[in-house]
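Residue numbers (the numbering used here): 105 to 524.
Have a look at the structure below before the remarks.
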């Protein structure tokens with residue numbers, strides 16, 4: 105049996121220490137650390153809507169639902185609003201109905217779109233002392249949904265669907281002007297759409313004339329046809345997205361500081377021809393001026409039931425996906441960084457890059473608590489998810505480990521030299 109020389113033993117230890125140091129960046133960082141508060145202990149999870157918006161100071165505002173049990177035991181939904189003043193939460197009851205959408209104006213005053221108790225589409229704005237409430241569409245249905253946005257003059261615009269028709273409403277003075285964007289006779293539109301105004305007040309409405317459903321494996325999971333409606337030259341231009349057709353969630357449409365559009369989608373697939381388990385891939389799309397760029401954010405996760413997209417001050421996207429295995433993804437500038445998270449819901453990002461999430465801590469159709477969580481994500485780095493950056497503590501431990509190996513090697517070398 106060949107004996108190693110003292111020099112070869114020493115160099116073997118040096119190589120081992122280099123290998124240990126090289127492996128340090130592969131150690132995954134810890135999950136996001138959330139600071140969690142209870143906003144309202146008697147919120148209601150009906151339709152799970154609790155949109156969040158941040159004001160000019162980075163303080164959160166949340167619209168949500170509560171539930172009142174009348175003397176005749178009939179349950180009545182309540183539209184609620186909560187805001188954090190820096191010290192505590194203040195909550196207000198606005199009206200009977202179901203919350204749909206929330207936006208803040210340049211004066212940090214809230215504007216809320218909701219379904220009224222008798223089903224009309226309603227709009228409420230805070231004047232500074234009271235809520236100004238108006239009817240947007242008296243013929244709205246309980247199966248519809250909508251989104252409110254404010255133009256550069258602070259005027260509200262609403263995109264909504266009543267089940268078979270996509271409509272667009274604008275407040276002109278005291279009256280709402282309503283247009284029909286698209287109408288389908290044979291297929292009902294799912295109660296979901298996404299809507300933004302760009303920096304030129306051009307509206308963009310993303311919707312689909314069909315919804316995702318499970319299909320038998322011999323048929324396969326069918327794609328849905330998502331379309332984008334844009335108002336140009338006094339008419340609506342409706343065109344399919346030039347993207348791989350999604351088979352699941354779509355929307356969370358947002359606009360960046362340059363007027364570019366961003367959105368997220370999912371594609372589903374069966375694990376195998378024998379397995380009925382469905383896995384999902386989250387896709388991110390951004391408009392480059394002439395077409396859509398598509399990226400895969402994460403693949404093969406459990407079926408997500410909601411996703412939220414927000415941009416930071418650099419127009420970098422941040423995504424939170426709600427599922428049995430919630431994930432948070434952020435763009436570093438060159439790659440997607442993934443973090444495990446036990447918080448998921450509606451996402452907003454402040455000017456400093458801090459995350460703000462509103463969510464409901466309960467199962468559907470129960471009274472539960474409205475929660476608010478905030479966290480500071482790891483500093484973005486140009487490293488892919490498979491090789492995340494080491495934390496400072498990990499580097500210190502690693503350097504100490506390497507030095508210990510080198511010291512051990514030197515001691516062994518001296519010992520072997522003396523014996524020789």
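The C-beta atom is built at its ideal place from N, Cα and C for all residues, glycine as well.
DSSP places residue 152 within a helical segment (H, G or I) once states are collapsed to three.
Between the C-alpha atoms of residue 192 and residue 137 there is a straight-line separation of about 21 Å. In this structure, the alpha-carbon of residue 473 lies about 11 Å from that of residue 168.
Fully contained in the region 390 to 421 are the following beta strand (DSSP E) runs of length 3 or more, in chain order: 396 to 406, 410 to 415.
Between residue 385 and residue 371, the gap from beta carbon to beta carbon is short of 7 Å. Residue 227 and residue 275 have their alpha carbons spaced roughly 10 Å apart. Residue 426 is not a Cβ neighbour of residue 403, given a cutoff of 7 Å. For residue 452, the uninterrupted beta strand (DSSP E) run begins and ends at 450 to 453, by DSSP. The distance from the Cβ of residue 309 to that of residue 285 is about 6 Å, consistent with a contact at the 8 Å cut-off. Rounded to whole angstroms, residue 459 and residue 391 show a C-alpha spacing of 24 Å.
Comparing C-alpha distances from residue 185 to each of 215, 302, 393 shows the shortest one belongs to 215. Within the same chain, and ignoring the five residues on either side of residue 287 in sequence, the residues whose Cβ sits closer than 7 Å to its Cβ are 268, 269. Residue 241: member of the beta strand (DSSP E) spanning 235 to 241, first to last residue. Within its own chain, the residues whose Cβ lies closer than 8 Å to the Cβ of residue 406, once the five positions on either side in sequence are excluded, are 383, 384, 427, 428, 429, listed in chain order. Contact between residue 248 and residue 221 fails: their C-beta atoms lie close to 15 Å from each other, not under 8 Å. The C-beta of residue 187 has 16 or more other C-beta atoms within 10 Å across all chains shown, which makes the residue buried.
Annotation: the continuous beta strand (DSSP E) that includes residue 219 extends over 214 to 220.
Taking all protein chains in view, the Cβ of residue 375 is surrounded by fewer than 16 other Cβ atoms within 10 Å, so the residue is classified as exposed. Under the three-state reduction of DSSP output, residue 192 falls in the coil class, being neither helix nor strand. Non-local beta-carbon contacts of residue 463 in its own chain, meaning distances under 6 Å to residues more than five positions away in sequence, involve 449, 475 in chain order. The C-beta separation of residue 478 from residue 139 comes to about 5 Å, placing the pair in contact by the 8 Å criterion. Under the three-state reduction of DSSP, residue 255 is assigned to coil, being neither helix nor strand. Judged by DSSP secondary structure, residue 361 falls outside any beta strand (DSSP E); it is assigned neither H nor E.
Taken through DSSP and simplified to helix, strand or coil, residue 440 comes out as strand. Under the three-state reduction of DSSP output, residue 200 falls in the strand class. Residue state for residue 384 is assigned as strand, using DSSP reduced to three classes.
DSSP, reduced to helix, strand and coil, places residue 303 outside both helices and strands of the structure shown, so it counts as coil. In this structure the region 224 to 244 does not touch the region 296 to 310; the number of beta carbon pairs closer than 8 Å is below three.
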